[in-house]
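Novice: Residue numbering for the sequence shown follows numbering that gives the first Met the number 0, beginning at 0 and increasing consecutively.
Below you will find the structure I want to go over with you.
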Amino acid sequence: MTTMSWTAHPAEDAEVVQRSLDESEGFSAIFDAYFGEIHRYVTQRLGADGAEDIVAETFLTAFRKRARYDPSRATVRAWLYGIATNLIGKHRRLEVRTLRALGRHGPDPDPPGHEERVAVRVSAESLRPSLAAAVAALHQRDRDVLLLVALADLSHEEIATALGIPYGTVGSRLNRARRKLRATLGETNPMLDAEETDRG
């Protein structure tokens, strides 16, 4: 039986997924490669307590649907972020509660474990309390696009394929989110301008 190793190239990721149809254990290479960043993304959106189940479900869903993965439409990374974002959407109340709590109190200064400390540090850098509260007030669709840019650093094209929406819709949702946040915050925030429009 051949062994499969992961490399950081989208085409090779896609090949790993394809080969895992015959060697299912090979899909663990995708898990190993992307678990950390998907976990950080979900933790920043739902908090440490809500992240574990969603991340596990993200990879389980990807494994179960791997035969339907189309590398011509999305990279494996964007595909996983799309699955995670859709699952987060089912927990929008938890996300809004998490963001509002960050808005009121900021991150917990002494979370219990290493993963939580890492996630909180990243959250503290990208979602300061006033911004977290403003993000909580956004419509779910606009929040998804904004946070895929700000937290996952996906391009507009990747977000379009991840969420199954037109390329132009990504820009309009992102612009709307930025306008609302600027109106609420009364200033330009680096998070909002970290990636300007992807003009591909």
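The beta carbon of each residue, even a glycine, is placed where N, CA and C say it ideally should be.
DSSP three-state label for GLU36, please.
Specialist: Residue 36 sits at position 37 when you count from the first residue of the sequence shown. Three-state result, GLU36: helix.
Novice: What runs of the alpha helix (DSSP H), each 4 residues or longer, lie entirely inside the segment 54-91?
Specialist: Listed in chain order, they are 75-88.
Novice: Look at ALA83 and ILE37 and say whether their C-beta atoms are less than 7 Å apart.
Specialist: The count along the sequence shown starts at 1 and reaches residue 83 at position 84. The count along the sequence shown starts at 1 and reaches residue 37 at position 38. Yes, these two residues count as a Cβ contact at 7 Å.
Novice: Tell me, to the nearest whole angstrom, how far the beta carbon of ARG44 is from that of GLU94; I am working on the premise that it is less than 8 Å.
Specialist: The residue you call residue 44 lines up with position 45 of the sequence shown. The residue you call residue 94 lines up with position 95 of the sequence shown. Between GLU94 and ARG44 the Cβ distance is about 5 Å, and since that is below 8 Å, they are a contact.
Novice: Please report the residue range of the alpha helix (DSSP H) in which PRO165 lies.
Specialist: As a position in the sequence shown, residue 165 is number 166, starting the count at 1. Looking at the DSSP string, PRO165 is not in any alpha helix (DSSP H), and its letter there is neither H nor E.
Novice: Alpha carbon to alpha carbon, what distance is there between HIS155 and THR168?
Specialist: Here the question's residue 168 lines up with position 169 in the sequence shown. Here the question's residue 155 lines up with position 156 in the sequence shown. The alpha-carbon atoms of THR168 and HIS155 are separated by roughly 9 Å.
Novice: Just how far apart, CA to CA, sit ARG175 and GLU22?
Specialist: Taking the sequence shown and counting its residues from 1, the one referred to as residue 175 is at position 176. Taking the sequence shown and counting its residues from 1, the one referred to as residue 22 is at position 23. Computed Cα separation, rounded: 44 Å.
Novice: Mind checking ASP12: buried by the 16 CB within 10 Å criterion, or exposed?
Specialist: Sequence index remark: in the sequence shown, residue 12 carries index 13 (1-based). By the neighbour-count rule (16 or more Cβ atoms within 10 Å), ASP12 is buried.
Novice: Report all residues from its chain with a CB closer than 6 Å to the CB of LEU150; omit the five preceding and five following residues, and keep chain order.
Specialist: Within the sequence shown, the letter at position 151 stands for residue 150. Closer than 6 Å at Cβ, skipping near neighbours: TYR40, GLN43.
Novice: How many Å lie between ARG178 and LEU20 at the Cα?
Specialist: Position 179 of the sequence shown, counted from the start, is the residue given in the question as residue 178. Position 21 of the sequence shown, counted from the start, is the residue given in the question as residue 20. Going by the C-alpha atoms only, they are around 44 Å apart.
Novice: Ends of the alpha helix (DSSP H) at GLU11?
Specialist: Numbered from 1 along the sequence shown, position 12 holds the residue referred to as residue 11. Counting along the chain, the alpha helix (DSSP H) containing GLU11 begins and ends at 9-18.
Novice: Within the same chain, show all residues whose beta-carbon is closer than 6 Å to that of GLY212, passing over the 5 residues directly before and after it, in chain order.
Specialist: There is simply no residue 212 to check, as the chain begins at 0 and stops at 199 in what is shown.
Novice: Got a sec? Which residues, its chain only, sit under 7 Å from GLY25 by beta carbon, not counting five neighbours each side?
Specialist: As a first step, residue 25 must be located in the sequence shown, where it is residue number 26. Correct list, in chain order: MET3, VAL15, ARG18, SER19.
Novice: Please tell me whether TYR33 and LEU79 are closer than 7 Å, where the distance is taken between their beta carbons.
Specialist: Taking the first residue of the sequence shown as position 1, residue 33 is located at position 34. Taking the first residue of the sequence shown as position 1, residue 79 is located at position 80. Cβ atoms of TYR33 and LEU79: closer than 7 Å.
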